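So the structure is just underneath, and the comments pick up after that.
Numbering (this note's numbering), first residue to last: 142 to 572.
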């Protein structure tokens, strides 16, 4: 498990560096308004993916170790086609009957790109989930790295070699990245299918849908907590504010690689085990690592002078430091939220995360209405932090009630640091 955590963390660190480089390129070359358009496109793709994940999301991670892959991949691909078709109908209906809402969520001329990229993204992520469910974490890390490297290199080529400084250059690069990610992951998944028996597929679909429904309702609320502020910002202050807020979100979310890497392995370990004591023990231990390392990373971002952010990202992003400050408590809270969520999901109880995100969503709506019209992107960042913190508090209360853990068990002790340094020493042994 430690090897998987280290391997996944190393991959995420490399990808975070590449994502930071991509962020710098996009903000400097396209400015806050151009980057704001990219943020809107990405959110639209994310919303479509939420529907896809009803069947093809974390539920297939949970079930892929419990059933034949063929019983998961065929229904997932069919469901993806249905969702993309439904999204096209919704886009068309909004364009005809609710044109103002349509242009709030869809940048002009990018409707087809959103649908096409959503399709590629859905197919790619479905394959990734199947690999993770079978604990093929090493090959997942390799493909994931190739995907982001493709995006980076293609963007460099379009922007600086052929001098296509535009949003379209980024769109083309994403096509290439999603395409290569899908092709490589599909080849690996197909090689692991084995049995072609479809008997019992309907029963599996029902189980996946039930698990996925609860999980995705939680994810929908989670994404809403993270992204609904963007639409408030666009409505009240315009695309430029969206670009600044989006840059702050992407920069701070890069710090989530710590919690994401740890929780990814945590989830696969718990979902493949029936030992609840093991699940509780590993959750507490990994929570400490996640929070401590994330807090240290946040501190580094906070001590960087404002002038450095302006120099790196461009003059449109002079206020980026203030967004990061407001987001910092939420980033640390998210490092806990991710571990808690994967604990409950790994035990087959995603309803806890659903309720936690429901609480967070109520907080998001209340704070967004109160803060964003007056404080703009700073208000949006403060809203996000308040939402994440409220969700974590609920998860902690439930975890404490069910496991009987005491507050002092969450505090770092000497053995935790000894274990942490053992992990670092083992890093050189990971191949």
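The C-beta atom is built at its ideal place from N, Cα and C for all residues, glycine as well. This one's a predicted model, so the numbers in the text were calculated from it and none came from an experiment.
Counting Cβ pairs closer than 8 Å, one from the segment 179 to 190 and one from the segment 242 to 262, do we hit at least three?
yes
For residue 224, is the classification buried or exposed, using 16 other Cβ atoms within 10 angstroms of its Cβ as the cut-off for buried?
buried
Work out the CA separation of residue 193 and residue 244 for me, nearest whole Å.
Rounded to whole angstroms, residue 244 to residue 193 spans 23 Å at the Cα level.
Whose CA, out of 364, 281, 295, lies closest to the CA of residue 529?
The alpha carbon of residue 529 has as its nearest neighbour, out of 364, 281, 295, the alpha carbon of 364.
Cα-Cα, which of 379, 442, 481, 380 is closest to residue 543?
For the residues 379, 442, 481, 380, the minimum Cα distance to residue 543 belongs to 481.
In whole angstroms, give me the CA-to-CA distance for residue 281 and residue 476.
Rounded to the nearest whole angstrom, the C-alpha separation of residue 281 and residue 476 is 22 Å.
Around the Cβ of residue 212, are there at least 16 other Cβ atoms within 10 angstroms (buried) or fewer (exposed)?
buried
Would you report the Cα separation of residue 268 and residue 515, rounded to the nearest angstrom?
43 Å
Between residue 502 and residue 360, how many whole angstroms is the CB-CB distance? I'm expecting something under 8 Å.
That pair is no contact at about 12 Å.
Starting from the C-beta of residue 254, find all residues in its chain whose C-beta is less than 6 Å away, skip the five residues before and the five after it, and write them out in chain order.
312
Note down, in chain order, each residue of its chain lying with its Cβ closer than 6 Å to the Cβ of residue 383, except the 5 sequence neighbours on either side.
177, 180, 371, 374, 375
Which listed residue (173, 285, 228, 517) has its alpha carbon closest to that of residue 260:
228
Would residue 237 pass as an interface residue toward chain B - the criterion being a Cβ-Cβ separation below 8 Å?
Included in the structure is just one protein chain, with no chain B present.
What is the DSSP secondary structure of residue 307, counted as helix, strand or coil?
coil
Below 6 Å CB to CB, which residues in the same chain sit around residue 158 once its five sequence neighbours on both sides are set aside?
Taking residue 158 as the centre and dropping the five residues before and after it, the same chain places no C-beta closer than 6 Å to its C-beta.
Measure from the alpha carbon of residue 165 to the alpha carbon of each residue in 388, 327, 324, 484, then state which is nearest.
388
Inter-residue Cα distance where the pair is residue 455 and residue 167:
10 Å
In the structure shown, what three-state DSSP assignment does residue 368 receive?
helix
Just the Cα atoms here: how many angstroms apart are residue 302 and residue 169?
16 Å
Under 8 Å, do residue 332 and residue 265 count as touching if we go by C-beta distance?
no
Return helix, strand or coil for residue 245, following the three-state DSSP convention.
helix
Going by Cα to Cα distance, which pick from 439, 286, 436 is closest to residue 160?
Of 439, 286, 436, the smallest CA-CA separation from residue 160 is found for 286.
Just checking my contact of residue 497 with residue 526 at CB under 8 Å: how many whole Å lie between their CB atoms?
The pair is not a contact, with the Cβ atoms about 15 Å apart (cut-off 8 Å).
Under 7 Å from any heavy atom of the ligand SAH, does the C-beta of residue 328 make it?
With respect to the ligand SAH, the structure offers nothing, as it holds no ligand at all.
Whose C-beta lies closer than 7 Å to the C-beta of residue 565 among residues of the same chain, with five residues either side of it excluded?
Interpretation of residue 565 is limited by its pLDDT of 49, a score under 50 that renders its predicted location unreliable; the figure taken from the coordinates is listed afterwards. Excluding residues within five positions, none has a Cβ falling inside 7 Å.
DSSP state of residue 119 mapped onto helix, strand, coil:
A question about residue 119 goes unanswered here, because the residues of the chain that appear run from 142 up to 572.
Alpha helix (DSSP H) containing residue 269: first to last residue?
In the DSSP annotation of this structure, the continuous segment of the alpha helix (DSSP H) that includes residue 269 starts and ends at 252 to 274.
Does the segment 445 to 465 come close enough to the segment 422 to 434 that 3 or more CB-CB pairs lie under 8 Å?
no
Spatial neighbours of residue 362 within its chain, please: C-beta separation below 6 Å, excluding the five flanking residues on both sides.
498, 499, 502
Between which two residues does the alpha helix (DSSP H) containing residue 333 stretch?
Taken as a continuous stretch (DSSP letters only), residue 333 belongs to no alpha helix (DSSP H), as it is neither H nor E.
Quick one: Cα of residue 509 to Cα of residue 390, how far?
16 Å
Can you say whether residue 504 is buried or exposed, counting buried as having 16 or more other CB atoms within 10 angstroms of its CB?
buried
Is residue 318 buried or exposed, if buried means 16 or more other CB atoms sit within 10 Å of its CB?
Within a 10 Å sphere around the beta-carbon of residue 318 sit 16 or more other beta-carbons, which makes this residue buried.
Local conformation of residue 478 per DSSP, three classes:
helix
Which residue wins for smallest C-alpha separation from residue 274, given the options 511, 394, 222, 201?
201
For residue 308, tell me which candidate among 173, 483, 479 has the shortest Cα-Cα distance.
173
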